[in-house]
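Residue numbers (the numbering used here), protein chains in the order written: chain Y, 1009 to 1391; chain F, 6 to 257; chain D, 248 to 538.
Heads up, the thing below is written out as structure tokens.
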């Protein structure tokens, strides 16, 4: 177990607390950089989705995890970023202009949402963001002159200074990876500076924050704006990845998926956003495998344990019918959400930290280290 | 001109007069205590000064400047810091993070500089941390520097609350019941610190207190309140022997 | 004019359904400060259970109705015991997400068990109209309004004439203190969920003649019931029903008189305006922390 003896302020402020982190993250970066050349296109495509979801996850983390605001409307911000890019591309604006523009415009909308959100707390804010998402979805469907209504918009291939970057190419993969890394660094910088600390202060105790001189309204509005801007950038990449956007892709269910990303990953750390994104994006391949491979596996196992041919086949057929049932994805989503909140409230990253602690303090690890004390409902009405 | 002046300040919640036409003035460099039974309006006065409540009538002046309608977050910049009766620390953060938040009113960097982490941000961080370390040294908080607040005992949390108020380099400190929940030894330490704050750091202190021995040891002047109205003001000895104060609060 | 009254009545009927769902929200919120996003799914399950009892098992309508309500009450209490009780005490957002997870799960399971087609049950109100002069009012809509009125009266009597109402409010303010005061907190919470589920089941069965039973009906209705609950003020039971009726009327009127597309957005716009002007709703009151 490494013990860090602090002699310098830098040691506290630095992002990488000790040199071990440099090694691990460099190796991770090398592996990720080599991925497009080692794995097939399907997995590469899934990784691009992981990156995009992780970018949105980081933005949600800034809003929900660090400022304590709630938002079930982030699909709307994604949509605004996507549609801005599509529209700009149609009108001949180059990528290097409309990419930051998507972010800035969405950020402005985020600030506009942030102002009314000041008066709302807790459940009211959640409901207001749901309504905001529904209204944006409707606007996208009705504003036909700009968004082409329900027919959707098609995007041409990405074009940077004359070089095309098709959506399945390694170039696009590296673009998304680059944006993710930049966003994570920006978030980390934010958190170790006064603005980030003021966000956390607003989450934990508004009264104390007010007396410390933090302008609560400005902090919340800023947080909304930053979160929306980052989601807008992700929206631009999302639009290019899918090559076709339409209003019914940006529903409440997508917003809920983003929230699931940070709940699964852990609501308090940037690692959580990435881990959660991996988990969510991998559910689809998992379901396909479930449909294709698992029934045969179950059938074989049943036969292995001594059942005769027809029974094993019958079991295999039942398993196949369950796995192919149309609602299975929703059921699994539901089970995952409930399961994580009941059993793994700190998320995957929390579990990872616990595992790390186990190995660091081996053999003196005590199982009761993280045993939660019984908690009771304390009213959040008067925060 | 007195440092902090409250002129005919009143606070009314519906029919209940929490604070009723109270007048007092705190001179620069003195330790002024407000005493009174529970519900007398002492914390309400603090909340009025920190601008968490809006007064129904009256004016507040600090260093000659009126701040009756200022927003709550301007108070820290003006130089007034406060502690809370029920500790309002950030439970999920370390002591150091809590104290660094106290430096917020002296933050000089803006959002763009911070996201890009320009050298100016790093220099400012060093400054903030230097000041915070000085406060930690003054109040002997070194063992608790990197511990989460949720794991610390009550007495230590009270001291951290005091430290956080000190980190904003105030000119006036509002201490709301600094010795409640502390044992005799911790109360002694607190009395020494309050006097050090005044003599070494030159900060004026306005206190609400129930512990009369602490009040007599530390205060220069005392004001007694009852039912939102002022009973008397004077030196600790005068107030403690005033018949109305004895009848309403101290008993024989 | 006749059109107006017709639209008004169906708007009120729709609003009563929203109101009943919102009532369920408010009940659970009053006790545990949890917003149960799965309320719409409870309504849908109530409809499905009724379908099973009435159409598949051939029971009498009223017996099927009663059984569906009882089953849903039991289901509500069970889901409280196994899903909610372990997570009480977590931040509110986590609990909301847990209920969203439950709603996802129930929606999909219902689709898997009963299929995704629209299902129909024969009720005494499916056909039949009331004629007042030239006005034609369908029985199914009137049944909803009458049933809501009856339910609200029963619930009002239950909450004002018994001690449970105060017990419920105490539990939501500070559960630990409620335990100390001798309030049987676990029973109170279980009872609240049972009542909410029963109310939702009633709404589901009553809704069956108007829109057929299918697995997505819960989500669509719940999304509109939120504005209803917020409009009324999230802590107020009469407010939930009043809010629901207002939202239902606005939605119907918007659908009839305004251009296409406004029907779905109108409740949300009303909600956002309400939140901006008076966040505590029509019947709610502002709270403030004492430091």
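C-beta: ideal position from N, C-alpha, C; glycine also.
Every value quoted in this text rests on a predicted model; they were computed, and no experiment measured them.
Annotation: Cβ neighbours of residue 1021 of chain Y in chain F (cutoff 9 Å, chain order): 127, 130, 131 and 134. The bridge partners DSSP lists for residue 18 of chain F are F:21. Excluding sequence positions up to five before and after residue 1275 of chain Y, its CB lies within less than 6 Å of the CB of 1073, all in the same chain and listed in chain order. In the three-state DSSP reduction, residue 1222 of chain Y falls in the coil class, being neither helix nor strand. Taking 9 Å as the CB threshold, residue 1201 of chain Y lines the interface with chain F. The three-state secondary structure of residue 1308 of chain Y, taken from DSSP, is helix. Using a CB distance cut-off of 9 Å, residue 1197 of chain Y counts as an interface residue toward chain F. Within chain Y, 1139, 1142 and 1143 have C-beta atoms less than 7 Å from the C-beta of residue 515 of chain D, given in sequence order. Contact between the region 491 to 506 of chain D and the region 1090 to 1101 of chain Y is absent: fewer than 3 CB-CB pairs across the two stretches fall below 8 Å. For residue 107 of chain F, the C-beta contacts it makes with chain Y under 7 Å involve 1220, in order along the chain. Against chain F, the beta carbon of residue 1215 of chain Y has neighbours under 8 Å at 57, 89 and 93, listed in chain order. Three or more Cβ pairs closer than 8 Å define a contact, and the region 162 to 170 of chain F meets that threshold against the region 85 to 101 of chain F.
Setting aside the 5 residues that flank it on each side, residue 1106 of chain Y is surrounded in the same chain by 1093 and 1096, each with a C-beta closer than 6 Å to its C-beta; the list follows chain order. Burial is judged here by how many other beta carbons sit within 10 angstroms of a residue's own beta carbon; residue 424 of chain D has fewer than 16 and is exposed. By the CB criterion at 9 Å, residue 1118 of chain Y and residue 1233 of chain Y fall inside the cutoff.
For residue 31 of chain F, DSSP records a beta bridge to F:9.
A direct Cα-Cα distance of roughly 23 Å separates residue 16 of chain F from residue 1221 of chain Y. Contact of residue 1336 of chain Y with chain D is assigned, a C-beta pair being separated by under 9 Å. For the C-beta of residue 1105 of chain Y, not a single chain F residue is nearer than 7 Å; the gap to the nearest is close to 20 Å. The DSSP-derived three-state label of residue 304 of chain D is coil. Here residue 289 of chain D really is in contact with residue 323 of chain D; their C-beta atoms are around 7 Å apart, less than 8 Å. For residue 1209 of chain Y, the C-beta contacts it makes with chain F under 8 Å involve 95, 106 and 109, in order along the chain. One alpha carbon belongs to residue 414 of chain D, the other to residue 430 of chain D, and they sit about 7 Å apart.
For residue 122 of chain F, the nearest beta carbon of chain Y is closer than 9 Å to its own beta carbon. In this model, residue 1344 of chain Y and residue 1028 of chain Y are separated by some 33 Å (Cα to Cα). For residue 381 of chain D, the CB contacts under 8 Å within the same chain, skipping 5 residues up- and downstream, are 249 in chain order. Residues of the same chain with a CB within less than 7 Å of the CB of residue 386 of chain D, apart from the 5 flanking positions on each side, are 372, 375, 376 and 377 in chain order. Per DSSP, residue 1019 of chain Y is one residue of the alpha helix (DSSP H) stretching across 1017 to 1021. Looking at the DSSP output, residue 1162 of chain Y shares a beta bridge with Y:1252.
Interface residue (Cβ-Cβ distance to chain Y less than 9 Å): residue 253 of chain F is not classified as such. For residue 235 of chain F, the enclosing beta strand (DSSP E) covers residues 234 to 239. Taking the beta carbon of residue 1230 of chain Y as reference, the chain F residues within 9 Å of it are 116, listed in sequence order.
Under the Cβ criterion of 9 Å, residue 1224 of chain Y is counted among the residues facing chain F. Annotated three-state conformation of residue 1206 of chain Y is helix, per DSSP. Look at the beta carbons and you see the region 188 to 197 of chain F not touching the region 106 to 116 of chain F: under three pairs across the two are nearer than 8 Å. Residue 226 of chain F sits in a strand when the DSSP states are folded into three classes.
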